[in-house]
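Here's the structure we're looking at; comments come further down.
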Amino acid sequence: MLIRTSDRRRPRAAIAPESTAAPVGGTDRRTFLKRSGLAAGGLAVLGNLPLGAVRKAEAGPPPPVGAKVITRKNICTHCSVGCSVIAEVANDVWIGQEPDYDSPINRGSHCCKGAAVRDDVLSQRRLRYPVKLVDGKWVRLTWEQAVDEIGDKLLEIREKSGPDSVYWLGSAKFTNEAAYLNRKLAALWGTNNSDHQARICHSTTVTGVANTWGYGAMTNSYNDIRNAKTILVMGGNPAEAHPVSLQHILEGKELNRANMIVVDPRMTRTAAHATEYVRVRPGTHIATIYGMLWHIFENGWEDKEFISQRVYGIDEIRSQVKKWNPAECERVTGLPEAQVRNIAEVFAKQKPATLIWAMGQTQFTTGTANVRASCILLLATGNVGHAGAGANIFRGHTNVQGATDLGLDVITLPLYYGLSEEAWRHWGRVWEIDYDWLRSRFANKALMEGPGIPSTRWFDATLLPKDQVSQPDTLQAMFIMGHGVNTITRMPEAVRGIEKLEMLVVCDPYPTEWSVLSERKNGTYLLPACTSFEMDGSRTASNRSIQWGEQIVKPVFESKNDYDTMYMFAKKFGFADKMFKNIKVENGAVLAEDILREINRGGWSTGYCGQSPERLKAHMKNQHKFDLVTMMAPKDDPEVGGEYYGLPWPCWGTPEFKHPGTPILYNTNLPVKEGGATFRARFGVERVVKRKVMENGQEVEKEEHDNLLAEGSYSVGSEIKDGYPEFTLGVLKKLGWDKDLTASELAVIQGINTANPDTVSWALDLSGGIQRVAIEHGCSPYGNGKARMIAWNLPDPIPVHREPIYTPRPDLVADYPTLPDARQFRVPNIGFTVQKAAVDGGTVKQFPLILSSGRLVEYEGGGEETRSNKWLAELKQDMFVEINPADAAERGVVDGGWVWVTGAESGSKTRMKAVVTERVGKGVAWMPYHFAGWYEGTDLRDKYPKGADPFVLGESVNTITTYGFDPATGMQEPKATLCQIRAA
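Residue numbers for the sequence shown follow the numbering used here, beginning at 144 and rising by one.
Written out as structure tokens, the structure reads:
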């Protein structure tokens, strides 16, 4: 579809002559860029490109004479950094854009994707109206026809096979309000089969981090990295995946003279900036961390005071680490002792030190354990809970943090309340829906309170025999909003799963590969969604700051926003009156602000209770007042004084309580009322352990009670000078603080549990009174506990190195096998059987190259949106595989030549170009994961609706990725599998 300008040997100046025609003398830079149509960062160099031709860029005509040009502000819809975008609008047409110079996050900068977002709205490749597949042809429908036909079929499936036979797959591109509404829709439908992209990017982060110190989120912020003395990037590539974040990292490195260590199998653009680059074998994260800890413990570099006051389980970790002496570490990871010792010493001594990771840690069968190991390293060195330190976890999509928070997750209702009866009753009170009615919507109570099927296993739940899927019937239908199929591993199985579905509904601004991947002829519907620029709503950046985006233009073509689409289907299903009871709907248009207010009324557990629409809008209006490093506004400001930008959660109490937000989690150096916090006491006050001890010369087993509360550590201003449990009404009474509750607060608390109001906790109290009183006395509502190095509720309570399912080192499997087969998330996990078969069958001999994958700066996610953007599509037109020169020479592969890359399962194969480079080491190959539209060498362009095919197509790496799932989360394993490459 596109020809590179360089391929045509045409100088860029000739592409858009208008850019240089206007005189520039006496004109400032911004005026010049506006006049030249390059206000979007200079990337608007191509227009609509017919095959075999390149034409000049056209920014669009100037506004009509007398038209008023207004500016509106929203958030970039790509990565999780949270860059603000300023749009110029005339007559409801988006005519220009600029980065927001006032935003403390991006402060006037964009990456190429952010600079090009205007075309995401204006693109002619958008899906324009509803269509359905009839005998292999796309047929136009009205919205009314589509809702009726889809609704009738879904209700028929529900009646025949039960509510769990319909899967509701949501999106990290949703606003917070849409994510919450989508989870509520699934709940009222009667299923926990509700998920989104976090399953395949950071579900292991959430589980691993939350099970260490309380919440599964980034502890600090991009801006706070400027305070670090040591920056360890281990499993991330911010330069390409989160480009604007790099300004904070590099200014920390340069201005603060910080060490920057990058541990990665591939020499990335981020690694090019490092003071030390460590090339490690994929899949050996735990072994690397334990190798570092071996030196830290051996030399006494650990933070002993921090550990004694705020950490539980250090002795068991010491025992595990003893096994990872330098020889064993090198045997498994390939890293020499001197290098491991050096990075360990730097991280432990040159503090504060921060640890940055992304999917290079999470996408493994050991993903949760990898994350736990990183947390243990931070705890051992005292590098969490203060400025410049912490787990800076770079999440992927624009709102993957918020969508996870708001419950698009098979294991919880919104805001991490879980799925217990108590959690359902809580949300029933918030929604004003009777619990018994909610219970009646589910096939049974066990399914109502049990995890759903992860998005990584949806096709297994369609293809497996009925008796292997732990619900009344297999999956029969998928309703997908904003999620690509090409981001999930084992695509040959997905093809079979798609073909077996009775109904497939895809609601997206662009047709995705769901619509072309299989040989389906009927029963597929495509519904045009608008982008987040065409609707109001909030999104949560990776640092937990929440930003309000205002609608820039009305939805283009016949697209609808997510709120209105879900309202139409709720109405069809017969429960719109319940779902929107406290949410204003006028003429079918849902008020986004009311959805956020409902979130505030129920979001006590995670501190989503204080960020009202009014407060968030005030922050967007006053961005220029927030400090670049602390992200705090001046205390004397009348609108946002003393608040942290975006009111990062937890923002405790009601909006009227005016909590400023929490910029750094677990920071005891600030009063809780001013954004400080302790480790969360979510694991109880003590742990009963049976230990063998010597008594009278004999070994006997004794029951011991280990303290799980902090010792001698507490927040500044706390009236309790030690650890303490979570707050309930009963705890307030014991302290004599219950008299501080107002009469109305006490009445609400008593109404929640009339039989035993003393058990009502800080997370269930809809009045916010318990939180308010605890904070007024200087305490964290969730208690003051120890972070735990042992997570006894996880499959590996102490992280254990386990070889990938398809390991290049079968000699290590006997020592480090994967976990035994088990039934998890309603389906079997047969990883042990697959690993054993691969070892016994000598798979590595046929597929000797380790295959990993990652991001490009030009594209995002599954790439359907960005590959349909004319300004981005020109920048990267070919899917490719990186291969080391030595491996290429052995195979006769040349740089730029076509190759076949084959996978270890299903006879899978892909055709793409080779990039011969030393960025990857010998024995390792690497691919980007943003491509789709080709499948096993076949171009699928003709199967897209006419005119809606992306400019750039290519093979998906996940055509050849393989089996492997983290037992705690269902996370897939695309970062360490095996492949073979040969010249095409």
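The beta carbon of each residue, even a glycine, is placed where N, CA and C say it ideally should be.
All figures in this text were calculated on a predicted structure; none of them were measured in a lab.
Own chain partners of residue i with C-beta closer than 6 Å, once the 5 adjacent residues on each side are dropped
i, result
"LEU1083", "VAL659, GLY1076"
"ILE913", "PHE870, TRP905"
"GLY785", "LYS778, PRO803"
"GLY746", "LEU558, CYS752"
"GLY796", "GLY753, HIS802, GLY911, GLN914, ARG915"
"LEU1015", "ALA259, GLU1001, THR1009"
Buried or exposed (CB count within 10 angstroms, at least 16 for buried), residue i
i, result
"GLY168", "Any reading at GLY168 must be qualified, since the residue scores a pLDDT of 38, below 50, and its modelled position is unreliable; no value is offered."
"ARG424", "buried"
"HIS767", "exposed"
"PRO608", "exposed"
"PRO495", "buried"
"GLU1067", "It should be pointed out that residue 1067 corresponds to Val in this sequence rather than to Glu. Looking at its Cβ environment, which holds 16 or more other Cβ atoms inside 10 Å, VAL1067 is buried."
"ALA258", "buried"
"ALA981", "buried"
"ASN354", "buried"
"LEU398", "exposed"
"LEU771", "exposed"
"ASN665", "exposed"
"MET837", "exposed"
"ILE213", "exposed"
"THR170", "Any reading at THR170 is ruled out, since the residue's pLDDT is 38, under 50, leaving its predicted position unreliable."
Residue nearest to residue i in terms of C-alpha spacing, selected from the options
i, options, result
"ALA491", "CYS472, LEU522, LEU478", "LEU522"
"ASP295", "LYS714, LYS833, LYS778, THR505", "LYS714"
"GLN690", "THR632, LEU790, THR605, ARG744", "LEU790"
"TYR668", "GLY753, VAL649, LEU875, TYR1087", "VAL649"
"ALA414", "ALA382, ILE432, ALA530, MET837", "ALA382"
"ILE519", "THR1120, ARG830, PRO940", "PRO940"
"GLU231", "PHE449, PHE676, LYS465, LEU581", "PHE676"
"VAL264", "LEU992, LEU852, HIS253, ASN217", "ASN217"
"ARG250", "GLN267, VAL224, VAL956, SER266", "VAL224"
"GLY426", "ILE993, ALA329, ASP291", "ILE993"
"ASN704", "MET624, GLU757, HIS385", "MET624"
"PHE1074", "VAL1058, PHE1094, LYS1086, ARG1062", "PHE1094"
"ALA824", "SER1051, GLY1006, ASN927", "ASN927"
"PHE800", "PHE826, ASN743, THR821, MET763", "ASN743"
"MET1055", "GLY1080, GLY209, ALA1032", "GLY1080"
Contacting residues, own chain, Cβ-Cβ under 7 Å from residue i (five flanking each side not counted)
i, result
"GLY1149", "Not covered by the structure: residue 1149. The range shown for the chain is 144 to 1127."
"ALA605", "In the sequence on display, residue 605 carries Thr and not Ala. THR617, LEU618, GLY640, LYS643, LEU644."
"GLY403", "Inspection of the sequence shows that residue 403 is occupied by Met rather than by Gly. Hits under 7 Å: ILE374, LYS396, HIS416, ALA417, THR418."
"SER748", "LEU558, TYR559, TYR560, ALA906"
"GLU741", "VAL573, ASN725, ILE726"
"GLU829", "HIS848, ASP849, ASN850, LEU851"
Close beta carbons around residue i, own chain, < 8 Å, minus the five adjacent residues each side
i, result
"ASP235", "VAL696, LYS697"
"ARG568", "TYR578"
"ASN936", "ASN354"
"ASP780", "ASN765, LYS768"
(message) Within 8 Å, do at least three Cβ pairs link the segment 304 to 322 to the segment 674 to 684?
(response) yes
(message) Which runs of the beta strand (DSSP E) at least 3 residues long sit entirely within the segment 773 to 850? Give them in chain order.
(response) 829 to 838, 841 to 850
(message) In chain order, what are the residue ranges of uninterrupted alpha helix (DSSP H) at least 4 long that sit wholly in the segment 436 to 513?
(response) 447 to 453, 457 to 465, 469 to 476, 480 to 492, 502 to 505
(request) Please go through the segment 584 to 627 and give each complete beta strand (DSSP E) segment of 3 or more residues, from N-terminal end onward. (result) 620 to 624
(request) Counting only runs of 4+ residues fully inside the segment 1018 to 1101, write out the alpha helix (DSSP H) ranges in chain order. (result) 1028 to 1034
(message) Using a Cβ distance threshold of 8 Å, determine whether the segment 941 to 948 contacts the segment 843 to 855, with at least three qualifying pairs required.
(response) no
(request) Spell out a yes or no on whether the segment 543 to 563 and the segment 374 to 390 are touching, meaning 3 or more CB-CB pairs, one atom from each, closer than 8 Å. (result) Counting Cβ pairs under 8 Å, fewer than three are found: no touch.
(request) Give, in chain order, every unbroken run of the alpha helix (DSSP H) that is at least 4 residues long and sits entirely within the segment 630 to 701. (result) Counting only runs of 4 or more, we get 634 to 643.
(message) Assess contact between the segment 966 to 975 and the segment 581 to 599, defined as three or more Cβ pairs (one per stretch) separated by less than 8 Å. Is contact present?
(response) At 8 Å Cβ cutoff, the stretches touch.
(request) Please list the segments of the beta strand (DSSP E) lying wholly inside the segment 200 to 230, counting only runs of 3 or more residues, in order along the chain. (result) 212 to 218
(message) Could you tell me which whole beta strand (DSSP E) segments of length 3 or greater appear in the segment 942 to 1029?
(response) The qualifying runs are 965 to 967, 970 to 972, 992 to 997, 1023 to 1026.
(request) Could you tell me whether the segment 358 to 366 touches the segment 474 to 491, where touching means 3 or more Cβ pairs closer than 8 Å? (result) No contact exists between the segment 358 to 366 and the segment 474 to 491.
(message) For the structure I just gave you, are there three or more beta carbon pairs, one from the segment 1036 to 1050 and one from the segment 1107 to 1125, closer than 8 Å?
(response) yes
(request) Assess, as a yes-or-no matter, whether the segment 611 to 630 is touched by the segment 326 to 345 under the definition of 3 or more beta carbon pairs within less than 8 Å. (result) Yes: at least three Cβ pairs fall under 8 Å.
(message) Give the list of continuous beta strand (DSSP E) stretches no shorter than 3 residues that lie fully inside the segment 377 to 423.
(response) 402 to 406, 419 to 421
(message) Does the segment 300 to 315 come into contact with the segment 720 to 738, if we say contact requires no fewer than three beta-carbon pairs (one atom in each stretch) closer than 8 Å?
(response) no
(message) Does the segment 1054 to 1067 come into contact with the segment 1086 to 1095, if we say contact requires no fewer than three beta-carbon pairs (one atom in each stretch) closer than 8 Å?
(response) Taking 8 Å as the limit for Cβ pairs, the verdict is that the segment 1086 to 1095 does not touch the segment 1054 to 1067.
(request) Would you check if the segment 450 to 468 and the segment 432 to 442 touch, i.e. whether three or more CB-CB distances between them fall below 8 Å? (result) yes
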